[in-house]
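Asker:
Residue numbers (the numbering used here), protein chains in the order written: chain A, 706 to 1251; chain B, 752 to 971.
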């Protein structure tokens, strides 16, 4: 039921906290980018911006961005849709383990994925002699590796819930297996496939770390071009104009994704049922083929990464891991890798704490759907639509100057703030559904029994949200640990995080440096995976006492 | 100015839900309930009776009119300071608390000492026929038992007025008859002043002293 008051001072007072945070660390930086791109010497300079846009180099990176995103999307669908059938529609023993394995790439930090493909494709790698290093194919393969899990999740869930009796009905009416699939199953699946395609396209178009590492100097997208303009050509204006361009591309992709999502929600609004069936003997060849294809894409990079991290000049050993604790050459990295790992843990802890606290506040404020809560929701979701690279660039442009006489540029916690901005939308998205699922009667009952609004939250909302919040905290921590896009702009060279250290090491020649990069990638992957696993466990444990 | 013993006085109450066109759910209601009286609010679904109840308890802010208790206007008093108890149809027990934890919630909010709290919980569980159920989880209870816990919980902090929104309509008919009788007895035992919304005339007759009918937002 609605509480109808003309003013909501308490709501706005609480909302001021996340709004202030996002205003300082997101909106202001974003507006600064727009200003840098469009305004020169105090007046609008469209001609200058146009000049950047019409440069042949710009046209090339835009084409590459869209082309790569299309390749990544088509590849993910070609592999993911059959895999969704094998892993979700049909039941067989050991399926759960394979499903878990197939989602591993998605939780891996981008730098780790890039390092894994680099390990595979480098001249000395497993597929080295195909000279795919720094090729479109290499980047596209990495994007597929990364995004198959998205297709699996979105399409698999829908496929498992499709009513098998409609297929049976079609078969009874004389349709062949293939006809029944084409006429009945596929149309029912289409909204989910479209939705997955839109999400994957978005992820591919904003992909940064993978393209930067694997594309090298030859393949460059809008995102990596922004980075290059800032870090190599020191052309902030070109970077700003490119950011505006990327904003448009992403906005378009987001809009398409949203349309697809709405269609999917309409299509799946009915009751969920179990449409899975046990595998039969004659399914074996099909399942085996699908799983083999999945395995061929997912396993070699991971294998190559681990193998290369153990490969030394004289065989195999833990030399590269031992090297993580030693000071590498000054020109390579100013601190030992373990120190970068500690930096990462510290920054990620702060970022996760901030994102989670803000996320809980925002979730509380948007639980009741009103116009003002929709507004706040949109603001908080914005960073999702604006790539991490832009968050980093914006903060670099704004916060490197003294604010009210205080210089905060270069502070380590600025990195944490950027990571918190990136993680916040996901934290909010994971808490809000649980908060909305709490029966409003519970809150009314509590207040009629004398609980003030704060105590209603303490005694009703919080106990029911605790499990989800723990999970969200873990996710935020994992995201922050692996965050590369924003961090690469903000982390000081003398205080690298693990991902930025890996990036530096990958770019340095010498077997030791590369080996160290791979060892550090394995370390980062293990750190991220254990955080994810720990938070999943925490949820089930806390959830058990509810 | 307080009028001792005046009970609940609702005057000229109006509640409009925004929309196109706006819906006037409660269109000018006057209602007096003297202390110790149990009033049944009867009417077809959608007649505004639940909204009227929500406005009395303070979940919904009225557009016009007033709600007063013993002559003190409480129209703008937050719910948790009104001292009115509330029982819903279902889905109202705290799933993360035991039976005793639910019944004791209002006492915790009031800061009642532990010994007194435990005694009061035991007493109320006995009254609603669930003696010894304090340690049970909510999920272990049947629908009827849950409603009994809900009644015990709302009575525990000694509310001035108890509002019941179709408390029995989620139960099957046989159980409903038995619980209606019990509910009447429990409310009388504590001389509760109460308003019960229902669409079942038989139920209203069993529980209430007086029945008021409502249609299209007004009392008949």
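We treat Cβ as the ideally placed atom computed from N, Cα and C, and that holds for glycine. Computed from a predicted structure; not experimentally measured.
1. Here's a check: name, in chain order, each residue in its chain whose Cβ is nearer than 7 Å to the Cβ of residue 1225 of chain A, leaving out the five neighbours to either side.
2. Count the other CB atoms, across all protein chains shown, that sit within 10 Å of the CB of residue 938 of chain A; report buried if there are 16 or more and exposed otherwise.
3. Answer with buried or exposed for residue 764 of chain B, where buried requires no fewer than 16 other C-beta atoms within 10 angstroms of its C-beta.
4. Using a cut-off of 8 Å between C-beta atoms, extract the partners of residue 908 of chain B located in chain A.
5. What's the C-alpha gap between residue 679 of chain A and residue 773 of chain A?
6. Label residue 955 of chain B either buried or exposed according to how many other C-beta atoms from any shown protein chain fall within 10 Å of its C-beta, with 16 as the threshold for buried.
7. Do residue 857 of chain A and residue 792 of chain A have their beta-carbon atoms positioned less than 8 Å apart in this structure?
8. Quick one: what's residue 834 of chain B bridged to in DSSP?
9. Can you pull the DSSP bridge partners for residue 888 of chain B?
10. By the 7 Å beta-carbon criterion, what residues does the stretch 845 to 868 of chain B contribute toward chain A?
11. Can you find a CB in chain B that lies within less than 8 Å of the CB of residue 1168 of chain A?
12. Determine which residues share a DSSP beta bridge with residue 868 of chain A and list them.
13. Which stretch, first to last residue, makes up the alpha helix (DSSP H) that contains residue 1186 of chain A?
14. Please classify residue 1143 of chain A: does DSSP put it in a helix, a strand, or coil?
15. If we ignore side chains and look at the alpha-carbon of each, how far apart do residue 926 of chain A and residue 935 of chain A end up?
16. Got a sec? Which residues, its chain only, sit under 7 Å from residue 890 of chain A by beta carbon, not counting five neighbours each side?
17. Leaving out the 5 sequence neighbours to the left and right, which residues in its chain are closer than 6 Å to residue 1165 of chain A when beta-carbon positions are compared?
18. Got a sec, what are the start and stop residues for the beta strand (DSSP E) residue 817 of chain B sits in?
19. Cα separation between residue 822 of chain B and residue 758 of chain B?
20. Where residue 935 of chain B and residue 960 of chain B are concerned, what is the direct C-alpha to C-alpha distance, given to the nearest angstrom?
21. Taking residue 766 of chain A as the reference, which of A/947, A/821, A/852, A/810 has the closest Cα?
22. Would you say the stretch 838 to 845 of chain A touches the stretch 1233 to 1244 of chain A, given that touching needs at least three Cβ pairs under 8 Å?
23. Tell me the rounded alpha-carbon separation between residue 905 of chain B and residue 1156 of chain A.
24. What number of angstroms, rounded off, separates the C-alpha of residue 963 of chain B from the C-alpha of residue 888 of chain B?
25. Got a sec? Which residues, its chain only, sit under 7 Å from residue 789 of chain A by beta carbon, not counting five neighbours each side?
26. Are any of the Cβ atoms in chain B nearer than 8 Å to that of residue 1147 of chain A?
27. Between residue 824 of chain A and residue 1010 of chain A, which are expected to be in contact by the criterion C-beta below 8 Å, what is the C-beta distance as a whole number of angstroms?
28. State the start and end residues of the unbroken alpha helix (DSSP H) segment that holds residue 1099 of chain A.
29. Do you know offhand how far residue 656 of chain A's Cα is from residue 1051 of chain A's?
30. Which bits of chain B does residue 1165 of chain A rub up against, with CB to CB less than 7 Å?
31. When the Cα atoms are used, what is the spatial distance from residue 1027 of chain A to residue 1232 of chain A?
32. Report the CB separation of residue 1133 of chain A from residue 1067 of chain A in whole angstroms; it is logged as a contact under 8 Å.
33. Skipping 5 residues on each side, what residues in its chain have a beta carbon closer than 7 Å to that of residue 787 of chain A?
34. Suppose contacts are defined by Cβ-Cβ distances below 8 Å. Is residue 850 of chain A in contact with residue 1101 of chain A by that definition?
35. Any residues in the stretch 828 to 844 of chain B with a beta carbon nearer than 7 Å to a beta carbon of chain A? Which ones, in chain order?
36. Could you tell me the alpha carbon to alpha carbon distance between residue 1219 of chain A and residue 1213 of chain A, rounded to whole angstroms?
Answerer: Concretely, from the data shown:
1. Counting from one through the first chain, the residue named residue 1225 of chain A turns up at place 520. These residues qualify, in order along the chain: 1029, 1042, 1203, 1206, 1207, 1210.
2. On the first chain, residue 938 of chain A is found 233 positions in, with the first residue counted as 1. The residue is exposed, with fewer than 16 neighbouring Cβ atoms inside 10 Å.
3. Taking the second chain and counting its residues from 1, one reaches residue 764 of chain B at position 13. Flag for residue 764 of chain B reads buried.
4. Along the second chain, one-based indexing puts residue 908 of chain B at 157. Result: 1154, 1155.
5. Residue 679 of chain A is absent from the structure shown; chain A starts at 706 and stops at 1251.
6. Taking the first residue of the second chain as position 1, residue 955 of chain B is located at position 204. With 16 or more other Cβ atoms within 10 Å, it is buried.
7. Mapped onto the first chain, residue 792 of chain A falls at position 87. Mapped onto the first chain, residue 857 of chain A falls at position 152. A Cβ-Cβ contact shorter than 8 Å links residue 792 of chain A with residue 857 of chain A.
8. Indexing the second chain from 1 puts residue 834 of chain B at position 83. Its beta-bridge partners do not exist; DSSP assigns none.
9. Along the second chain, read from residue 1 onward, the residue named residue 888 of chain B stands at position 137. Within the DSSP secondary-structure output, residue 888 of chain B pairs in a beta bridge with B/849.
10. So the list reads 845, 846, 847, 856, 857, 860, 861, given in the order they occur along the chain.
11. Here residue 1168 of chain A refers to the residue found at position 463 of the first chain. Using a Cβ-Cβ cut-off of 8 Å, residue 1168 of chain A counts as an interface residue toward chain B, since at least one Cβ of chain B sits closer than that to its own.
12. Working through the first chain from its first residue, we reach residue 868 of chain A at position 163. Bridge partners of residue 868 of chain A: none, in fact.
13. Translated into the one-based positions of the first chain, residue 1186 of chain A becomes position 481. 1167 to 1187 is the span of the alpha helix (DSSP H), which, as asked, contains residue 1186 of chain A.
14. As a first step, residue 1143 of chain A must be located in the first chain, where it is residue number 438. In the structure shown, residue 1143 of chain A sits in coil (DSSP, three-state: anything other than H, G, I, E or B).
15. One-based indexing of the first chain puts residue 926 of chain A at position 221. One-based indexing of the first chain puts residue 935 of chain A at position 230. The C-alpha of residue 935 of chain A is placed about 14 Å away from the C-alpha of residue 926 of chain A.
16. Reading the first chain from its first residue, position 185 is the one you call residue 890 of chain A. Residues 867, 872 of the same chain have their beta carbon placed closer than 7 Å to that of residue 890 of chain A, with the five preceding and five following residues left out of the count.
17. Numbered from its first residue, the first chain carries residue 1165 of chain A at position 460. Once the five neighbours on either side are set aside, the close Cβ partners of residue 1165 of chain A are 1147, 1148, 1151.
18. On the second chain, residue 817 of chain B is found 66 positions in, with the first residue counted as 1. Here the beta strand (DSSP E) through residue 817 of chain B covers 815 to 820.
19. Against the second chain, residue 822 of chain B aligns to sequence position 71. Against the second chain, residue 758 of chain B aligns to sequence position 7. Going by C-alpha positions, residue 822 of chain B is about 8 Å away from residue 758 of chain B.
20. Position 184 of the second chain holds residue 935 of chain B. Position 209 of the second chain holds residue 960 of chain B. Distance between the alpha carbons of residue 935 of chain B and residue 960 of chain B: 9 Å.
21. Start at 1 with the first residue of the first chain, and residue 766 of chain A comes out as number 61. Closest by alpha carbon: A/947.
22. Too few Cβ pairs lie closer than 8 Å, so no.
23. Residue mapping note: residue 905 of chain B aligns to position 154 of the second chain, counting from 1. Residue mapping note: residue 1156 of chain A aligns to position 451 of the first chain, counting from 1. So the alpha carbons of these two residues sit roughly 13 Å apart.
24. Your numbering for residue 963 of chain B matches position 212 in the second chain. Your numbering for residue 888 of chain B matches position 137 in the second chain. Here the C-alpha atom of residue 963 of chain B lies approximately 37 Å from the C-alpha atom of residue 888 of chain B.
25. Working through the first chain from its first residue, we reach residue 789 of chain A at position 84. Hits under 7 Å: 856, 857, 860, 861, 864.
26. The residue given as residue 1147 of chain A occupies position 442 in the first chain. So, interface residue.
27. Your numbering for residue 824 of chain A matches position 119 in the first chain. Your numbering for residue 1010 of chain A matches position 305 in the first chain. With a Cβ gap of about 5 Å, residue 824 of chain A and residue 1010 of chain A count as contacting.
28. Here residue 1099 of chain A corresponds to residue number 394 of the first chain, with the count starting at 1. Here the alpha helix (DSSP H) through residue 1099 of chain A covers 1093 to 1104.
29. In the structure as shown, chain A begins at 706 and stops at 1251. Residue 656 of chain A is therefore absent and cannot be evaluated.
30. Position 460 of the first chain, counted from the first residue, corresponds to residue 1165 of chain A. Per Cβ cutoff of 7 Å: 845.
31. Locating residue 1027 of chain A in the first chain gives position 322, counting from the first residue. Locating residue 1232 of chain A in the first chain gives position 527, counting from the first residue. Whole-angstrom Cα-Cα distance: 17 Å.
32. As a position in the first chain, residue 1133 of chain A is number 428, starting the count at 1. As a position in the first chain, residue 1067 of chain A is number 362, starting the count at 1. In this structure residue 1133 of chain A is in contact with residue 1067 of chain A, their Cβ atoms being roughly 5 Å apart against a cut-off of 8 Å.
33. As a working mapping, residue 787 of chain A is identified with position 82 in the first chain. These residues qualify, in order along the chain: 995.
34. Numbered from its first residue, the first chain carries residue 850 of chain A at position 145. Numbered from its first residue, the first chain carries residue 1101 of chain A at position 396. Judged by their CB atoms, residue 850 of chain A and residue 1101 of chain A are not nearer to each other than the 8 Å cut-off.
35. The residues in question are 830, 831, 835, 836, 837, 839, 842, 843.
36. Taking the first chain and counting its residues from 1, the one referred to as residue 1219 of chain A is at position 514. Taking the first chain and counting its residues from 1, the one referred to as residue 1213 of chain A is at position 508. In this model, residue 1219 of chain A and residue 1213 of chain A are separated by some 7 Å (Cα to Cα).
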